[in-house]
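K.L.:
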Ligand SMILES: C[S@@+](CC[C@H](N)C(=O)[O-])C[C@H]1O[C@@H](n2cnc3c(N)ncnc32)[C@H](O)[C@@H]1O
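This is how it looks when you write it as C-alpha cells:
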C-alpha cells in the first residue's frame, strides 16, 4: 500500500509519505496544499489520508479533485473533519470550512442536483459520525450511524442540540 498523509502534522500515519507546509512537522515533502498540482505523479497512491486538514484548505472541490488525480483506480481517501456543530469547528480561527456528513455527496450519485460542481466522481464507501460523549452514552451515535435515514433526520432537525464531534469519510476513486 502506498499511502499519502496530507497535512500530516507531527502524527504522520505509519508507513505513509507525509506532506505538510510546516517544516516542524513529520513531513517528508514540504508543500503548500493550496497550490496545484501537488508534486506527485497521477495514479500513484492506494490511499490518501486527510485527517483534520480539509477545513484548513482554500478550496474543498479542487483539493478532492487533486486527491482523485493522485489515487490509483480503486484507491481510497480517508478524510476526517470536525462536524460543524462541534466546539472546535468555529473555535479555531484557521478553519475556513464548517462541514456536515453530506458535504462530499457532490462527487457521488446523491448530489442533490449539484453534480456539476465537479466532473470528478468519488464513491462513498462509508460515513461515520462521532457525537459528543453524552449523546454517545445515550445511544444516539449508534442510531445516527446504523440508519442513513436517521442520520439525515439528525442533520436536519436535531444536530444543534444533539451535537456532532467529528465525521469520518471513506471515498473511493472508481476503477
Ligand atoms: C490540525 S493539523 C492536523 C495534523 C494531523 N493530520 C493530525 O491529525 O494530527 C493541520 C495540519 O495541516 C497543515 N496545513 C494546513 N494548511 C496547509 C496548507 N495550505 N498546506 C500544507 N499543509 C497545511 C498544518 O501545517 C497542520 O500540520
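Residue numbers (the numbering used here): -8 to 166.
Virtual Cβ for every residue (Gly too), placed ideally from N, Cα, C.
Predicted, not measured: the structure shown is a model, and the values here were computed from it.
Is residue -2 near ligand 1, going by C-beta to nearest heavy atom under 8 angstroms?
P.N.:
Within the cutoff, so yes.
K.L.:
Any idea what DSSP makes of residue 133, helix, strand or coil?
P.N.:
Three-state result, residue 133: helix.
K.L.:
Enumerate in chain order the residues of its own chain whose CB-to-CB distance from residue 145 is below 7 angstroms, with the five nearest sequence positions on each side excluded.
P.N.:
For residue 145, where only same-chain residues beyond five positions count, the Cβ hits under 7 angstroms are 135, 153.
K.L.:
Smallest Cα separation from residue 182: which of 43, 58, 147, 11?
P.N.:
Here the chain has residues from -8 to 166 only, and residue 182 is not among them.
K.L.:
Beta carbon of residue 69: closer than 8 angstroms to some heavy atom of ligand 1?
P.N.:
Every heavy atom of ligand 1 is 8 angstroms or more from the Cβ of residue 69, so no.
K.L.:
Buried or exposed, going by whether 16 or more other CB atoms sit within 10 Å of the CB of residue 132?
P.N.:
By the neighbour-count rule (16 or more Cβ atoms within 10 Å), residue 132 is buried.
K.L.:
Looking at ligand 1, does it come within less than 8 angstroms of residue 23, judged from the CB to the closest heavy atom?
P.N.:
Yes, since a heavy atom of ligand 1 falls inside the 8 angstroms radius drawn around the Cβ of residue 23.
K.L.:
Since residue 72 sits in a beta bridge, which residues does DSSP pair it with?
P.N.:
DSSP lists 158 as partners of residue 72.
K.L.:
Please go through the segment 12 to 60 and give each complete alpha helix (DSSP H) segment of 4 or more residues, from N-terminal end onward.
P.N.:
Entirely contained in the segment 12 to 60, not one alpha helix (DSSP H) run reaches 4 residues.
K.L.:
Determine, using beta-carbon pairs with one atom in the segment 54 to 63 and one in the segment 96 to 114, whether at least three such pairs fall under 8 angstroms.
P.N.:
Counting Cβ pairs under 8 angstroms, three or more are found: they touch.
K.L.:
What does residue 67 pair with, by DSSP beta-bridge criteria?
P.N.:
Bridge partners of residue 67: 38, 163.
K.L.:
Let's see if you can read the secondary structure: which residues bound the beta strand (DSSP E) around residue 122?
P.N.:
Residue 122 -> beta strand (DSSP E) spans 114 to 122.
K.L.:
Between the segment 27 to 47 and the segment 68 to 78, are three or more C-beta pairs nearer than 8 angstroms?
P.N.:
Contact between the segment 27 to 47 and the segment 68 to 78 is present, because at least three Cβ pairs lie under 8 angstroms.
K.L.:
Given that a residue counts as buried once 16 or more other Cβ atoms are within 10 Å of its Cβ, and exposed if not, what is residue 150?
P.N.:
Buried.
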